[in-house]
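The working numbering applies: residue 236 is where the sequence shown begins, and numbers increase by one. All remarks here apply to the structure that follows.
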Amino acid sequence: MTLFLYDTFSKSKREFRPIDPKNIRMYVCGPTVYDYAHVGNARPVIVFDTLFRIMRHSYGVDHVTYVRNITDIDDKIIEAANSNKEDISSLTSRTIQYFHEDASYIGALVPTIEPKATDHIKEMVEMIETLIVKGFAYEVDGNVLFSSSKYDQYGKLSGKNIDELIAGARVDIEDFKKEASDFILWKPSKDNEPGWESPWGKGRPGWHIECSAMSKKYLGDTFDIHGGGQDLIFPHHENEIAQSECCHEKKFANYWLHNGFLTVEGNKMAKSNGNFITVNELKDRYHGEVIRLAMLMTHYRQPLNWTENSLLESKKILNKWFSFFLDIEISKVDEDFVDESILSALKDDINTPKAISELHQLFKNCTKEDVLSIKKFINSARLLGLMLSSPKEWMEWNVRENNLDEIKINELIEKRNLLRDQGNYSDADKIRDQLDELEIILEDKDGKTTWKQKN
Ligand code: AMP
Ligand code: ZN
236 MTLFLYDTFS
246 KSKREFRPID
256 PKNIRMYVCG
266 PTVYDYAHVG
276 NARPVIVFDT
286 LFRIMRHSYG
296 VDHVTYVRNI
306 TDIDDKIIEA
316 ANSNKEDISS
326 LTSRTIQYFH
336 EDASYIGALV
346 PTIEPKATDH
356 IKEMVEMIET
366 LIVKGFAYEV
376 DGNVLFSSSK
386 YDQYGKLSGK
396 NIDELIAGAR
406 VDIEDFKKEA
416 SDFILWKPSK
426 DNEPGWESPW
436 GKGRPGWHIE
446 CSAMSKKYLG
456 DTFDIHGGGQ
466 DLIFPHHENE
476 IAQSECCHEK
486 KFANYWLHNG
496 FLTVEGNKMA
506 KSNGNFITVN
516 ELKDRYHGEV
526 IRLAMLMTHY
536 RQPLNWTENS
546 LLESKKILNK
556 WFSFFLDIEI
566 SKVDEDFVDE
576 SILSALKDDI
586 NTPKAISELH
596 QLFKNCTKED
606 VLSIKKFINS
616 ARLLGLMLSS
626 PKEWMEWNVR
636 ENNLDEIKIN
646 ELIEKRNLLR
656 DQGNYSDADK
666 IRDQLDELEI
676 ILEDKDGKTT
686 WKQKN
C-alpha cells in the first residue's frame, strides 16, 4: 500500500518515494526552549510522531531516522533567562526536561536524534564560511547576512516574490543589510550575552542556519521529509532551503509537510497572543491520550479549534474503549496485526479522522471471545499512538481525576457483598445506588464483583 503525502512545495498529494527505503530520513523543527510548550506546539509533535509510527510500520522500526532539533540559543531564551534572573543553561535544561515529559505524556516516541543547536556551532560556522566563499553571504560589522537576491530560486517554497518582499519592506531596514529580504546567519553578541568565537568575532548563529547545519550533519545534503507548523514556511523554511541549496548545490528536502494551526476562537494559539494553555496545565485534568485523540480527530492540515468540548468528547470515547478491555491483557497482542482500512486512511496523507471513524467501526465488531477482533482494534489504535496505556492504568487515572476514592469504593463493595450474603438485599441495593451516583457501575460475575466507571 503506497504512502501519499501532501507536499507544500508542489501543492499536491504525492506518492512517497524514499531516497533509500532502508533509511527514511525526516527532519522536523523542534521547540525553542524558554518556557512550557503550549497545546499549539504539541500539534506538530503529535502529527509527526504519527507519521513516524506509520513509516516505522511500513519500512521497519530500524529503517526510519527522525531528527527533531532543540533550539537552545535564541533572543527569546536570553530575554526569559534575564527576566527570571536565571542562568541560560539552567533555563534551557529545565525547559528541555519539561518538553520531554510533555512529549511522552501525549504518547510521542523519542525521535532517533534530538540535536541541540549549541552543540553544533562549529558546523554552522563552517556552513556560513562556505556561503561567504561562494558569494551568497556577506559580513558587515560582525553580522553575516545571506544575500537573498543572489539565489534566483528564493521564494520557491512560499511562493513569495523577492522584488515584492524588498518593495514591501519597511524603509528603515537595519543599516547592515544590503536588501530588506537578506537574513541573518550570524550576529554579534554583547558582553553579557552568550557567544562563541568565530571568524567574525564573538557572536551567535541565526535561527535558520541551525536547522540547515543540523539536518546536514544527521541526514545529509538531501533527505526525504522536512516538517513543521505552517508558520515556518516563511521565512524559516524558505531560508533553510536557500542556505542549504546554495551551500551544497543539491536539492534540500524531497517532501515538505506542514501542520495547520491550532486556534482559539479563530486565532492562532501563541504565547504572544496570550491565548494559550500549556500541556502541563492540562495534565491535571486530562490523560495524555485524551489530548492526543482530541488532536487527531482533525486532519493535520486543517485548522483545529481547541475547545474543552473536544477534550470531553475524546475522554468519553477512550473511556468506552478502555472499559471494554478492562479484564483483557492487552499488552500481549502481536505487533503487526493492523486493520487494512485504517492503514489505508493513514497512508492517504495521514488521514487520522478517517482512521478514527474506522476504529469506531472496528470497536463495534470487537467481542471478548474473538481474540483477532481485539488484536486488530488495539494494534490499529496503537498505530495512531492510542490505547498504549493499560486499561487498569486508565481507570486508576480516571478515579484520581474524578477525585474518587478507590479504597472507599472497594470498602463499599465489600459491605454490599456482606449484606447480600446476609440476605439483606434492600440495604445492598442502597449501596449500589450510592455508587451509581458516583458514576460507578458494578458487575457481578462468577461470585466476584468488579466495578467500572460509566461511559
Ligand atoms: P516554536 O517553539 O514557537 O518554534 O514552535 C515549535 C513548533 O510548534 C513549530 O513547528 C511551530 O510551527 C508549531 N506551532 C506553534 N504554534 C502553533 C499553533 N498554534 N498551531 C500549530 N502549530 C504551532
Ligand atoms: Zn527549523
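Where a beta carbon is used, it is the ideal one built from N, C-alpha and C, also for glycine. The structure presented is a predicted model; accordingly, all values stated were derived computationally and were not measured.
Straight-line Cα distance separating G377 from N360: Start at 1 with the first residue of the sequence shown, and residue 360 comes out as number 125. Start at 1 with the first residue of the sequence shown, and residue 377 comes out as number 142. As written in the sequence, residue 360 is Val, which differs from the Asn given in the question. G377 has its alpha-carbon roughly 13 Å from the corresponding atom of V360.
Q: Enumerate in chain order the residues of its own chain whose CB-to-CB distance from G495 is below 7 Å, with the five nearest sequence positions on each side excluded.
A: In the sequence shown, residue 495 corresponds to position 260, counting from 1. Q465, Y535, R536, Q537, P538, L539, listed in sequence order.
**Request:** Give the DSSP-derived three-state secondary structure of A551 in the structure shown.
**Result:** If you number the sequence shown from 1, residue 551 lands on position 316. The sequence shown places Lys at residue 551, not Ala. Correct three-state label for K551: helix.
**Three-pair Cβ contact test at 8 Å for the segment 382–400 versus the segment 433–452** = Output reads no: the segment 433–452 does not touch the segment 382–400.
Checklist entry - By a C-beta neighbour count over all protein chains shown, 10 Å radius and 16 as the cutoff for buried, is V368 buried or exposed? => result Your numbering for residue 368 matches position 133 in the sequence shown. Classification for V368: exposed.
Problem set entry | Any heavy atom of ligand 1 nearer than 6 Å to the CB - residues listed | Listed by chain position, these are C264, P266, T267, G275, N276, R278, P279, G463, G464, D466, L467, N494, F496, L497, K503, M504, A505.
Worksheet entry | Sequence-distant residues of the same chain with beta carbon closer than 6 Å to V499, five excluded per side | Counted from its first residue, the sequence shown places residue 499 at position 264. In the same chain as V499, and ignoring 5 residues on each side of it, the C-beta atoms closer than 6 Å to its own belong to N510, W541, in chain order.
Exercise. Where does D459 land, buried or exposed, given buried means 16+ other C-beta within 10 angstroms?
Worked result: Within the sequence shown, the letter at position 224 stands for residue 459. By the Cβ neighbour-count rule, D459 is buried, with 16 or more other Cβ atoms within 10 Å of its own.
Review point. Of the residues S382, S416, V606, which one's Cα is nearest the Cα of K395?
Key: Against the sequence shown, residue 395 aligns to sequence position 160. Checked all of S382, S416, V606; the closest Cα to K395 is S416.
task = Assign N659 to one of two classes, buried (16 or more other C-beta atoms within 10 Å of its C-beta) or exposed (fewer than that).
result = As a working note, residue 659 is residue 424 in the sequence shown. With fewer than 16 other Cβ atoms from the protein chains shown falling within 10 Å of its own Cβ, N659 counts as exposed.
Tell me the DSSP secondary structure of R520 in three-state form.
As a first step, residue 520 must be located in the sequence shown, where it is residue number 285. Coil at R520, not helix or strand.
- Query: What does DSSP give as the partner residues of M261 in its beta bridges?
  - Reply: Within the sequence shown, residue 261 is the residue found at index 26, counting from 1. In the DSSP assignment, the residues bridged to M261 are Y301, I460.
Looking at the secondary structure, which residues open and close the beta strand (DSSP E) in which F560 lies?
One-based indexing of the sequence shown puts residue 560 at position 325. Here F560 belongs to no beta strand (DSSP E), and DSSP marks it neither H nor E.
Element boundaries [beta strand (DSSP E), containing T224]
In this structure the chain extends from 236 to 690, so residue 224 is not present and cannot be described.
Would you say H335 touches ligand 2, meaning its beta carbon is less than 7 Å from a heavy atom?
By one-based count along the sequence shown, residue 335 stands at place 100. In this structure, H335 has its beta carbon at no less than 7 Å from each heavy atom of ligand 2.
(message) Quick check on D656: does DSSP put it in helix, strand or coil?
(response) In the sequence shown, counting from the first residue as 1, residue 656 sits at position 421. Reduced to three states, the DSSP call for D656 is helix.
Does R249 come out as helix, strand or coil in the three-state DSSP assignment? To locate residue 249, count along the sequence shown from 1; it is residue 14. Correct three-state label for R249: strand.
Contact with chain B by N317, beta-carbon distance below 8 Å: Going by chain labels, chain B is absent from the structure shown, which holds only one protein chain.
Q | DSSP bridge partner residues for Y373 (one or two, in chain order) | A | What you label residue 373 is simply residue 138 of the sequence shown in a count that begins at 1. DSSP output for Y373 lists L380 as bridge partner(s).
ask   = In chain order, what residues of the same chain lie with their CB nearer than 7 Å to the CB of E428, ignoring the 5 residues before and after it?
value = Mapped onto the sequence shown, residue 428 falls at position 193. For E428, where only same-chain residues beyond five positions count, the Cβ hits under 7 Å are I313.
Specify the secondary structure class of N614 as computed by DSSP and reduced to three states. By one-based count along the sequence shown, residue 614 stands at place 379. Note: N614 maps to helix in three-state DSSP.
- Task: Pick out whichever of E475, S576, L607 has its Cα sitting closest to the Cα of L366.
- Result: One-based indexing of the sequence shown puts residue 366 at position 131. For the residues E475, S576, L607, the minimum Cα distance to L366 belongs to E475.
ask   = With a Cβ-Cβ cutoff of 8 Å, do M532 and I591 count as a contact?
value = The count along the sequence shown starts at 1 and reaches residue 532 at position 297. The count along the sequence shown starts at 1 and reaches residue 591 at position 356. For M532 and I591, yes; Cβs fall inside 8 Å.
Open item on the list: Spatial neighbours of H461 within its chain, please: C-beta separation below 6 Å, excluding the five flanking residues on both sides.
Closed with: Counted from its first residue, the sequence shown places residue 461 at position 226. In its chain, beyond the 5 residues on either side, Y262, A488, W491 have a beta carbon closer than 6 Å to the beta carbon of H461.
Quiz item: Given that a residue counts as buried once 16 or more other Cβ atoms are within 10 Å of its Cβ, and exposed if not, what is Q669?
Solution: If you number the sequence shown from 1, residue 669 lands on position 434. Within 10 angstroms of the beta-carbon of Q669 lie fewer than 16 other beta-carbons, which makes it exposed.
- prompt: Within 10 angstroms of its Cβ, does P253 collect 16 or more other Cβ (buried), or is it exposed?
  reply: Position 18 of the sequence shown, counted from the first residue, corresponds to residue 253. Looking at its Cβ environment, which holds 16 or more other Cβ atoms inside 10 Å, P253 is buried.
Anticipated Cβ contact below 8 Å, F381 with A477, distance rounded
By 1-based counting over the sequence shown, the position of residue 381 is 146. By 1-based counting over the sequence shown, the position of residue 477 is 242. About 6 Å; that satisfies the 8 Å criterion.
Mapping the DSSP letters down to three states, classify R291 as helix, strand or coil. Residue numbering aside, residue 291 sits at position 56 when the sequence shown is read from its first letter. Looking at R291 - three-state DSSP - the assignment turns out to be helix.
Decide if I609 is buried, meaning its Cβ has at least 16 other Cβ atoms within 10 Å, or exposed. Translated into the one-based positions of the sequence shown, residue 609 becomes position 374. Counting Cβ neighbours within 10 Å, I609 comes out buried, since at least 16 surround it.
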